[in-house]
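My numbering puts the first residue of the sequence shown at 1, with every later residue one more than the last.
For glycine and all other residues, C-beta sits at the position ideal for the given N, C-alpha and C.
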Amino acid sequence: METNLSENSPSFGRKLDHPPNPREDTEAVFYANQSSETDRLPKENVGEDDRNVDDEEIVQGELTASSGPVSDPHLNFLKVSENIDEFLSSLPSNTDDNNENENVVPVQIPHELIDTFLDLVEAKLSKLEGAAQCGDPDEDLSFLEAVHRISNLTKSLRQLKLDSHGSRIFNRIGGIHQRAMSFLEEEFRFLLEESRTTGSDTKGMQDQQLQMESETTRDMINFPGYPDDVVSSMNKMAKEMISGGYESECCQVYMAARSNELEESLHKQLGFEKHSIDEVQRMQWESLEREIATWTKAFKQCATLYFSGEKALAEAVFSDHPSISASLFGNLTRGVLIQLLDFAEGVAMTKQRSAEKLFKFLDMYENLRDLMPSMESLFEGECGDDLKTEINLARCRLGETAILMFCDLENSIKFDTGKTPVPGGAVHPLIRYSMNYLKYACEYKDTLEQVFREHSKIERADSINRPQYLEDETQSLNNQNETQSRSPFSAQLMRVMELLDSNLEGKAKLYKDVALSNIFMMNNGRYILQKIKGSTEIHGLMGDTWYRKRSSDMRQYHKNYQRETWNKLLGCLNHEGLNVNGKVVKPVLKERFKSFNQMFDEIHKTQSTWVVSDEQLQSELRVSISAVVIPAYRSFLGRFSQYLQAGRQTEKYVKYQPEDIEDCIDKLFEGNPASTARRRP
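Written as structure tokens, this is what we have:
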């Protein structure tokens, strides 16, 4: 029985780069000796003495003829191997383990031939076991072929009726077979553990980090990193071990070596540590945040590189046994995947759930979602179905946690009961935080849409406790031009915005000055609009109708501010009551100028400390104030200043020229205490 082991001659130990030498063709010898098969292997049992004489003479004669006067061990081994193959091929092919002993056809065993073969195999094995570095690949190939013949002898003789000599031979074969398999097991382990392509040692401390990073990148790209000739050798060893009944040992060695290597790659190259669910839950956020970043990198690496590399390696090493390669790959990767999914589950169960931590959870959710197709392409059948279920379960748990975290923003707005107004009517920290949070969250728009859609039951359960007036206000924003129903996430975002509006209205009432209250609403309203304008995601979710309504609200706050502040000032410039019987009443005129000066001084002093940080809004306010006040004051001054005596009286009552008023207006809303307004010289 010839074995197909001649291609890509295997190498044991460190002999991995020697090209195979051409071997002699043994098939011609085999066919030339076929004619003597009947003489060498009689079909009927004969006495032991007869067997010893006939068989041993034939074998000895053939060995002597083949070896010549000076014996060549290699030629002897080839000749004996051919004779063993002839013997194996002569055995009945229909022998079955289930046959009754009496139905087994008696076969003459060539004891001396087999003993000679075993002697030669033992010599080869001893040489290989004792060598620090083995010989050429041809020797290793020859040894594997011999092991294959021993395996076939074991299987064949087990089915025969053996006498005492046959039993002795069988036991000897078993011992050598076990020894050979142990040797192959160790060589298989050595190739798995020591034959990966690795980078050279680091030279110089100053270059150590750079070289480590370079080697890490190269190792990941070349993963798992075995040269082709090593894979070929492992394939042949695995084939012989499985054929020889050592499948379990072969698989155990493979699993142990590759499992250790895979976990070491995750640890050394990516920094991923194995953590239990309880350990993850007990982590402080700073540590957990770092571990999440590492997990994200490790999961992506496994899905796109490590697992595909492991599958290719298993299929190459166990190419003749696809069921074994599939089982090994599944068990190997499942162990690593469970570690990764346990971490994800631990993160989903952690108590570190404040709203600002949402984005790390969404990163994990997206990794599990986006890399699922890569995973599915690697795993097949029931294993693939189980894998998909486990990944989806971990993803759903992260999604549920993400919803709770997003809703924490809603709760933080709802239960914000601060009673201290923001100085100067500036943008409230809650508004600034909430809008920046929403802007960042909407960069995950598609993911959040998916999360809220898949977990709409949780979203609906949350809506049960929502105040009815908010439901009514939300509903009122849907007009005929926006007939398309809102998505669950869009509805959630709308609720957050309505809560912000309600919160702002409450905080605006904390200001005793109505004008400042309107400045506060303008500041915060403009900040919200600018954030939405700068985010196509939020704008798309909120809709044009909502944006137009908020812009209209801003214009109303502006009008209210003008009315509360500057309309009162303009009342001082009213002509009514100044003319009596066609003459200007000077005391009334003087009082009007005096009231204007006092009121403008107070406005300037107060509103210079107010804050309008948006430059456009600040400019709009100043322009609108100037457009109302300066023309009215210039007209009033031009008409009535002549009725005041020139000199001291004019200086006393006419404190400002129109240009002075304009300068003062241009200094409003800067948040700085104003110095006393001065008249231009």
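Report the three-state DSSP secondary structure of residue i (helix, strand or coil).
i           : result
residue 585 : coil
residue 443 : helix
residue 668 : coil
residue 579 : strand
residue 621 : helix
residue 604 : helix
residue 631 : helix
residue 562 : helix
residue 572 : coil
residue 424 : helix
residue 492 : helix
residue 160 : coil
residue 486 : coil
residue 448 : helix
residue 272 : coil
residue 25  : Note on residue 25: pLDDT 36, under 50, position unreliable in the model; the coordinate value appears next. Three-state DSSP puts residue 25 in coil, outside helix and strand.
residue 89  : helix
residue 455 : coil
Write down the C-beta distance between residue i and residue j rounded to the nearest angstrom, noting that I regard them as a contact closer than 8 Å.
i           : j           : result
residue 243 : residue 308 : Going by Cβ atoms, the distance from residue 243 to residue 308 rounds to 28 Å, so no, they are not a contact pair.
residue 347 : residue 266 : So it is not a contact: roughly 17 Å between Cβ atoms.
residue 413 : residue 528 : With a Cβ gap of about 13 Å, residue 413 and residue 528 do not count as contacting.
residue 524 : residue 427 : 6 Å
residue 345 : residue 394 : 6 Å
residue 600 : residue 653 : Incorrect: roughly 13 Å between the Cβ atoms, too far for contact.
residue 515 : residue 561 : 5 Å
Please list the terminal residues of the continuous alpha helix (DSSP H) segment that includes residue i.
i           : result
residue 610 : It is not in any alpha helix (DSSP H) - residue 610 carries neither H nor E in the DSSP assignment.
residue 372 : 372 to 378
residue 164 : 164 to 194
residue 279 : 277 to 282
residue 318 : Where residue 318 is concerned, there is no enclosing alpha helix (DSSP H), given that its DSSP letter is neither H nor E.
residue 127 : 111 to 130
residue 259 : 247 to 264
residue 387 : 381 to 414
residue 322 : 322 to 349
residue 654 : Here residue 654 belongs to no alpha helix (DSSP H), and DSSP marks it neither H nor E.
residue 227 : No alpha helix (DSSP H) contains residue 227, which DSSP labels as neither H nor E.
residue 510 : Residue 510 -> no alpha helix (DSSP H), and no H or E assigned at all.
residue 539 : 536 to 542
residue 299 : 285 to 301
residue 515 : 514 to 533
In whole angstroms, what is the alpha-carbon distance linking residue i and residue j?
i           : j           : result
residue 497 : residue 541 : 11 Å
residue 278 : residue 241 : 42 Å
residue 144 : residue 237 : 8 Å
residue 591 : residue 634 : 17 Å
residue 131 : residue 289 : 52 Å
residue 206 : residue 361 : Summary for residue 206: the model assigns pLDDT 39, below 50, so the residue's position carries little reliability, and this model does not support an answer.
residue 148 : residue 78  : 14 Å
residue 381 : residue 441 : 38 Å
residue 502 : residue 543 : 19 Å
residue 682 : residue 454 : This structure cannot settle anything about residue 682, because the visible part of the chain is limited to 1 through 681.
residue 447 : residue 537 : 12 Å
residue 280 : residue 620 : 53 Å
residue 269 : residue 124 : 41 Å
residue 509 : residue 425 : 11 Å
residue 246 : residue 181 : 7 Å
residue 303 : residue 139 : 41 Å
residue 350 : residue 262 : 27 Å
residue 662 : residue 629 : 9 Å
residue 504 : residue 398 : 32 Å
residue 583 : residue 640 : 11 Å
residue 332 : residue 184 : 22 Å
residue 299 : residue 264 : 14 Å
So the candidates are the options; which of them puts its Cα closest to the Cα of residue i?
i           : options            : result
residue 693 : 80, 642, 192, 575  : Outside the shown range of the chain, which is 1 to 681, sits residue 693, and nothing can be said about it.
residue 580 : 589, 570, 518      : 589
residue 109 : 438, 372, 123, 86  : 86
residue 176 : 146, 405, 383      : 146
residue 354 : 271, 409, 167, 400 : 409
residue 522 : 505, 557, 499      : 557
residue 190 : 161, 179, 250, 418 : 250
residue 252 : 324, 196, 374      : 324
residue 357 : 370, 379, 405      : 405
residue 166 : 654, 113, 567, 120 : 113
residue 226 : 312, 256, 264, 292 : 312
Is residue i near the ligand MN, judged by its Cβ being under 8 Å from some heavy atom?
i           : result
residue 169 : Of ligands this structure carries none, so the ligand MN is not represented either.
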